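Order-wise, the sequence lines are chains A and B. Yeah, the first sequence ends on 200 if you go by our numbering, and it's all consecutive. Yeah, the second sequence ends on 200 if you go by our numbering, and it's all consecutive. The block underneath contains the structure these notes are about, expressed in structure tokens.
Number of protein chains: 2
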Amino acid sequence: MGNKGEALRQRVIAAAGELFYQQGYENTSFRDIASAVGISRGNFYYHFKSKDDILHAVIDTRIAGIKATLAEWDKKFTDPGQRLHHYVDILLHNQDNITSYGCPVGSLCTELAKYDHSILTDANKMFVVFRDWLVAQLKLIGVNNNTHRIAMHLISRVQGIAMVTNAFDDKLFLQQEVKQLKQWLDDEILKPSH
Amino acid sequence: MGNKGEALRQRVIAAAGELFYQQGYENTSFRDIASAVGISRGNFYYHFKSKDDILHAVIDTRIAGIKATLAEWDKKFTDPGQRLHHYVDILLHNQDNITSYGCPVGSLCTELAKYDHSILTDANKMFVVFRDWLVAQLKLIGVNNNTHRIAMHLISRVQGIAMVTNAFDDKLFLQQEVKQLKQWLDDEILKPSH
DNA sequence: GTCTATATCGAGATAGAC
DNA sequence: GTCTATCTCGATATAGAC
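This is the structure we're talking about:
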């Protein structure tokens with residue numbers, strides 16, 4: 007198997023993914039990616055058939071990365087409640103990037119929704135992986151009703167925080183909201199007295 | 007005063023604003039706007055000096071529109087609690103557009119954050135108008151602490167709902183979340199028993 | 001004021017040498 | 001596999017006729 011070519015392909019995907027996140031997909035050119043990776047523009051077309059093709063590869067790689075991360079969490083934390091807290095804590099761990107560029111999943115979906123519905127469907131799968139995992143954790147806790155809705159609600163809360171943090175360039179807001187959301191998680195989901 | 011030119015200018019701003027919302031700013035060309043308004047491409051530069059200039063005009067017009075809307079609400083609803091509910095209800099009233107294109111303010115800020123910080127600052131003023139109005143309503147209710155944070159929290163919740171509704175193309179989610187958010191508004195802000 | 005014609009640039013994509 | 005050179009297209013923007 008072409009190890010050298012395969013390695014380059016991975017480097018392109020990594021660089022493109024980062025640039026798509028920081029600058030947006032449409033706003034990132036082959037030039038940008040080429041100079042980041044250190045190759046020529048023409049060389050792309052040996053590994054990818056179009057720019058869309060690179061985006062698809064980026065999305066696939068991200069999905070694999072998300073699945074790997076969640077599997078790691080499953081090992082690291084035995085308590086599903088702890089895992090849910092860890093999900094919210096992503097905001098805190100990535101607060102600098104979120105302040106500058108927003109959420110990598112959310113901002114990409116927002117961009118794609120403006121002009122390409124077929125790729126949006128693919129990008130949305132990143133959310134679906136998170137959602138299904140959240141549903142699984144809720145069921146493990148013993149929540150039996152509305153697990154899907156609660157998972158979607160959590161994603162929505164996290165996305166709102168990321169979006170507003172980015173738009174207002176306000177890291178403090180993120181920190182306060184994370185605290186509040188984790189409190190809500192404890193009060194309404196993990197220790198329901200009603 | 008050049009009435010004919012001024013009227014055309016307003017038509018351009020209206021058409022551009024709609025297209026920027028539906029297709030994104032970068033993804034909308036002069037061609038698109040020209041054919042929507044029914045003028046030639048060259049004619050733009052008599053009324054605007056650049057594409058950025060059109061965007062600034064769109065933002066200014068939107069800000070004026072938001073202020074007018076809020077002033078209308080102030081007249082229509084005497085109860086500040088009712089006004090806060092009405093703010094959340096924007097989601098419901100615009101559910102079709104939000105499902106297709108997201109929030110006009112939020113998605114624009116998300117796009118601009120990727121490549122132009124100076125215009126983002128301007129676009130963000132749309133949020134600030136809402137935020138300041140929300141703070142005013144909270145104070146009228148008698149809330150004295152954390153009015154700024156609560157206002158930001160409300161914006162964040164609304165943005166999260168709009169973003170996820172758009173990304174999942176899920177109008178039902180929007181409807182459920184609006185219900186839940188209005189319930190939260192009643193329980194935690196309007197009738198605090200604690 | 002509005003138009004047509006054009007300049008200039010950078011994008012994605014291709015051809016073919018090495 | 002990777003490169004250089006080039007094609008084609010559509011974008012913003014400008015010049016100048018009407």
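Think of the CB as a built atom: it goes at the ideal place given N, C-alpha and C, for glycine as much as any other residue. On a predicted model such as this, the values are computed, not experimentally measured, just so you know.
query: Which stretch, first to last residue, makes up the alpha helix (DSSP H) that contains residue 89/B?
result: 86-99
- prompt: What are the boundary residues of the alpha helix (DSSP H) that residue 155/B is part of?
  reply: 153-174
query: How about residue 159/A and residue 141/A: do their beta carbons lie closer than 8 Å?
result: no
- request: Report the residues of the segment 64-82 of chain B with a CB closer than 9 Å to any CB of chain A, ordered along the chain.
  value: none
- prompt: So, using beta-carbon positions, are residue 165/A and residue 148/B closer together than 8 Å?
  reply: no
message: Buried or exposed, going by whether 16 or more other CB atoms sit within 10 Å of the CB of residue 198/B?
response: exposed
query: Buried or exposed: where does residue 55/B fall if 16 or more other Cβ atoms within 10 Å of its Cβ makes it buried?
result: exposed
message: Quick check on the burial criterion: 16 or more other C-beta atoms within 10 angstroms. Buried or exposed for residue 146/A?
response: exposed
task: Taking a Cβ distance cut-off of 7 Å, strictly less, list which residues of the segment 29-42 of chain A are near chain B, in chain order.
output: 29, 30, 32, 33
field: residue 48/B in three-state terms, based on DSSP
entry: helix
field: Supposed close pair residue 101/A, residue 180/A - CB separation, criterion 8 Å
entry: 5 Å
- request: With residue 117/B as the anchor, note down where its alpha helix (DSSP H) starts and where it stops.
  value: 110-118
task: Return no unless some Cβ of chain A is closer than 8 Å to the Cβ of residue 159/B.
output: yes
query: So which residues of chain B does residue 197/A contact, with C-beta pairs closer than 9 Å?
result: Ordered by position in chain B, no residue passes the 9 Å Cβ test against residue 197/A, which lies about 17 Å from the chain.
- prompt: Does the pairing of the segment 126-144 of chain A with the segment 86-104 of chain B give three or more beta-carbon distances under 8 Å?
  reply: no
- prompt: In chain A, which residues lie less than 8 Å from residue 124/B when you measure between Cβ atoms?
  reply: Those within 8 Å of residue 124/B in chain A number zero; the least Cβ separation is about 12 Å.
message: Please list, in chain order, the chain A residues whose beta carbon lies closer than 7 Å to that of residue 155/B.
response: 182
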